[in-house]
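Chains as they are written, first to last, in my numbering: chain A, 1 to 619; chain B, 1 to 78.
If you want it as structure tokens, here you go:
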């Protein structure tokens, strides 16, 4: 929680004046105000009464302590994300039964299942002090706890759909050994940290779509005294203070937002009073606040934070009303500027309206406007973008400098569920693309241009090592996507394991670099030797390089080898995939009466590899 | 606004009922919405609305409008 957060009884009337959920969310995002339970409930009722359509989120809660007191906070935080929470609580204390295929939890078909557990549930020895446990008995207990937890989560993974989120309630008291704990070989804190790390390893390796939501992080944020309300714990077995309840609800619904809402991809940054204090055009490079002293150190901290977001896989762009040379001088020469020109995938430094610049950024980066988070200190600019580009999420730079470094930390869509190699080098990929465009511009013959790229495509079939990236591609790809079906890691794993599905993906490299895994096809094989193209998608970053045709031909050649005689495919139009409207007819598919497309592979067999300007390695 | 009217305003959202459902004789024993979940909600709401801090011992004593009004009076809320 932000230290500046304060209670404000006058906030409610202005919030209740909002005429849409989006409007209310915008007003709420601009305030660090803590809300009381009653205020949150009042706002929830107001949000529910608005005509705006909300997206349903089905939440299942399995718990070994009282959980229904979280509901008002969960509902509120869901509504704040534009989600409507449908919450099911499993019977108190029963954990393993809920994982049975015929359980009420499974029948609830949750998008997210939240496990609220205590350490004591994990092993009988944990209800006693472990302050004298050393050596093998200590590591043995850790191994057993990790094994028990992994087994429990596997049972849930086997029968419960959606994301599975484990929480472990932190201790109500500091370690049993007190101050000596951190020095002791029997350290309780170190033991728990070890268990969490070992469990995380198992989740990564074996249990897709299963994660640990670490409540210790919230405990650290709030402090033990603010996290627990001992009165409710000892009277009703409900551990959380209102502050902690809301924070837990916020984190759960952030997960919901990532699953249900369009993915954020780009952070568009204002410069003056956002990346540094002051106005560079007036104060000059040496006059802006950026450096070791307050308030310049706050802006250095924020820039560091922005580099964290870049490591999470978000693209940074600059959108500033300034003379380009003033801003570029800071990017190139200021000794304390952390974000240099190469950290930005694209820059707009001019005097045009920001809405216009954001549109052109979306065009250049080949992403939708709904994948932007825009941050600016000016009320005027924020409001203009908020009202003219309703799909962009707007964050106003806080007026108090102290609040700036953390101002994006609570933007739900800037959380990530997975992190792939592609994410880590995304900005570099866009810089490569800029160079590719320059080459194309200097080349009048498109075929010659494609050959000059010296492209190599690596196709893999049913490869589980790429699970995270493949699920991510189904979640994020909007434009080059025939059916826009979203799949979780667990779904993709099922397709990979199933004999009657083919999961094909490709990565693409050229003289400018390796774009990583950028294309995916999911094919369902029928008993009558026909195939159905469930999903065919490609990342926007390789559009225009003829990769889709080479990939389709390679896929069809592989299917023909397996005796497949025809392929049925669908184009499901969305607001964003007009790009592929003609893809099927242009690739030998014939429109049928039932709105499907059919390609007879005997009549129209796939072309040879050498007709494409791409070398293919298909293992 | 009388303390009772203020209390109505606080209790209604906490118990998720309309304000006129709350009468001077309302109690856990005669109001279905005032269940154990509603009661904990109500305790939090009372603290927020009246700026008081309840002790765990108070929770079980404040099971009726009459008891809450008496308690508020003892805390100087009139």
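Note that the Cβ used here is the ideal one computed from N, Cα and C, for glycine as well. Predicted model only: the values in this text are computed from it and were never measured.
Check                                                                                                                                                                            : Outcome
Express the C-alpha separation of residue 270(A) and residue 381(A) in angstroms, rounding to a whole number.                                                                    : 10 angstroms
Using the rule of at least 16 other Cβ atoms within 10 Å of the residue's Cβ for burial, across every protein chain shown, is residue 53(A) buried or exposed?                   : exposed
Could you check the C-alpha separation between residue 556(A) and residue 434(A) for me, to the nearest Å?                                                                       : 32 angstroms
Which of the three DSSP states is assigned to residue 226(A) in this structure?                                                                                                  : helix
Can you say whether residue 40(B) is buried or exposed, counting buried as having 16 or more other CB atoms within 10 angstroms of its CB?                                       : buried
Below 8 angstroms between beta carbons: does that hold for residue 266(A) and residue 372(A)?                                                                                    : yes
Going by C-alpha to C-alpha distance, which of 39(A), 615(A), 431(A) and 63(A) sits closest to residue 77(A)?                                                                    : 39(A)
Judging by CA-CA distance, which residue of 456(A), 608(A), 392(A) and 232(A) is the nearest neighbour of residue 413(A)?                                                        : 392(A)
Mind checking the segment 36-56 of chain B against chain A and listing, in chain order, the residues whose C-beta falls within less than 9 angstroms of any C-beta there?        : 36, 37, 39, 40, 41, 43, 44, 45, 47, 48, 49, 54, 55 and 56
Name, going along the chain, the residues of the segment 2-14 of chain B whose beta-carbon falls closer than 7 angstroms to a beta-carbon of chain A.                            : 10, 13 and 14
Return the Cβ separation of residue 131(A) and residue 177(A) in integer angstroms, given the expectation that the two are a contact with Cβ distance under 8 angstroms.         : 5 angstroms
Could you work out which residues of chain B lie near residue 41(A), taking near to mean beta carbons separated by less than 9 angstroms?                                        : 13, 14, 16, 41 and 45
Give the C-beta separation of residue 256(A) and residue 57(A) to the nearest angstrom, bearing in mind that I take them to be a contact with Cβ-Cβ under 8 angstroms.           : 4 angstroms
Measuring CA to CA, which of 63(B), 23(B) and 43(B) is closest to residue 37(A)?                                                                                                 : 43(B)
For residue 688(A), count neighbouring C-beta atoms within 10 Å of its own C-beta (all shown protein chains included) and say buried if the count is 16 or more, exposed if not. : Missing from the structure shown is residue 688(A); chain A here goes from 1 to 619 and no further.
What's the call for residue 180(A), buried or exposed, on a 16-neighbour Cβ count within 10 Å?                                                                                   : exposed
Report the three-state DSSP secondary structure of residue 21(B) (helix, strand or coil).                                                                                        : helix
Let me confirm a value: residue 548(A) is counted as buried when at least 16 other C-beta atoms fall within 10 Å, else exposed. Which label applies?                             : buried
In the structure shown, what three-state DSSP assignment does residue 396(A) receive?                                                                                            : strand
Are the CB atoms of residue 439(A) and residue 510(A) within a distance shorter than 8 angstroms?                                                                                : no
Do we get a CB-CB distance below 8 angstroms when we pair residue 85(A) with the residues of chain B?                                                                            : no
Would the segment 530-542 of chain A count as touching the segment 557-574 of chain A if we require 3 or more Cβ pairs under 8 angstroms?                                        : yes
Considering just the uninterrupted stretch of the beta strand (DSSP E) at residue 616(A), what are its terminal residues?                                                        : 614-618
Quick check: the Cα distance between residue 205(A) and residue 613(A), rounded to an integer number of angstroms?                                                               : 37 angstroms
Residue 88(A) CB to nearest chain B CB: under 8 angstroms?                                                                                                                       : no
Note down the Cα distance separating residue 65(B) from residue 46(A), rounded to an integer number of angstroms.                                                                : 27 angstroms
Report yes or no: is there a C-beta of chain B within less than 8 angstroms of the C-beta of residue 64(A)?                                                                      : no
Distance check for residue 346(A) and residue 550(A), CA to CA, integer angstroms please.                                                                                        : 30 angstroms
Going along the chain, which residues of its own chain have a beta-carbon closer than 8 angstroms to the beta-carbon of residue 278(A), five neighbours each way excluded?       : 272, 287, 288 and 289
Using only the alpha-carbon positions, how far apart do residue 498(A) and residue 552(A) sit?                                                                                   : 21 angstroms
Once DSSP output is grouped into helix, strand and coil, what is the label at residue 455(A)?                                                                                    : strand
Buried or exposed: where does residue 332(A) fall if 16 or more other Cβ atoms within 10 Å of its Cβ makes it buried?                                                            : exposed
Could you check whether residue 407(A) and residue 358(A) sit closer than 8 angstroms to each other, using their CB atoms as the reference points?                               : no
Let me check one thing: in DSSP terms, what residues is residue 513(A) bridge-paired to?                                                                                         : 510(A)
Alpha carbon to alpha carbon, how far is residue 479(A) from residue 261(A)?                                                                                                     : 16 angstroms
In angstroms, rounded to a whole number, what distance separates the CA positions of residue 591(A) and residue 394(A)?                                                          : 42 angstroms
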